[in-house]
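First the structure, in the form of structure tokens, and then the observations on it.
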Amino acid sequence: MDLSWIMIIIGAVLVLVYIFYNATEQRIKALETRVRHMEKLLQKSSQGETFTEPEINKELRRLLQQGKKVEAVKRTRQEFGWSLLEAKQYVDGLKGGE
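What follows is the structure, encoded as structure tokens:
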């Protein structure tokens, strides 16, 4: 093997490591957001507060009324740190409950 092939292989491995690292970092951030949300809910529950609808739902319903379902799903993912499927199901639930 000459040196150029070795460099190509090393470059490919580094790109794969970078992609894996980036995907893992994004997943960790999403999980941290979910944990923060759950901690808020647990704290409210332990203080005897009743569960109320999240404030974000007003914004999501407004986006749905404007026909911006994709934007509503994106916003849900940002707020709750959910997967695409979970966010879509949540938004579909809001749309069905109008």
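If you read the sequence shown in the UniProt record's numbering, its first letter stands for residue 1, the second for the next number, and so on. Here a beta-carbon is modelled for each residue, glycine too, at the ideal position from N, C-alpha and C. Treat the numbers as computed from the prediction; the structure is a model and nothing was measured.
#1: Can you tell me whether DSSP reads Gln65 as helix, strand or coil?
#2: Would you call the CB atoms of residue 99 and Leu84 closer than 8 Å?
#3: Check Glu55 in the structure and name its three-state DSSP category.
#4: Does the distance from the CB of Glu39 to the CB of Ile56 come in under 8 Å?
#5: Pull up the distance between the alpha-carbon of Lys58 and that of Tyr21, whole angstroms please.
According to the data block:
#1: Here residue 65 corresponds to residue number 65 of the sequence shown, with the count starting at 1. DSSP places Gln65 in helix when its eight states are reduced to three.
#2: In the structure as shown, the chain starts at 1 and stops at 98, and residue 99 therefore has no counterpart that could be examined.
#3: For the purposes of this step, residue 55 is taken as the residue at position 55 of the sequence shown. In the structure shown, Glu55 sits in coil (DSSP, three-state: anything other than H, G, I, E or B).
#4: To locate residue 39, count along the sequence shown from 1; it is residue 39. To locate residue 56, count along the sequence shown from 1; it is residue 56. No, Cβ-Cβ distance for Glu39 and Ile56 is not below 8 Å.
#5: Here residue 58 is taken as the residue at index 58 of the sequence shown, counted from 1. Here residue 21 is taken as the residue at index 21 of the sequence shown, counted from 1. When rounded, the distance between both Cα atoms is 35 Å.
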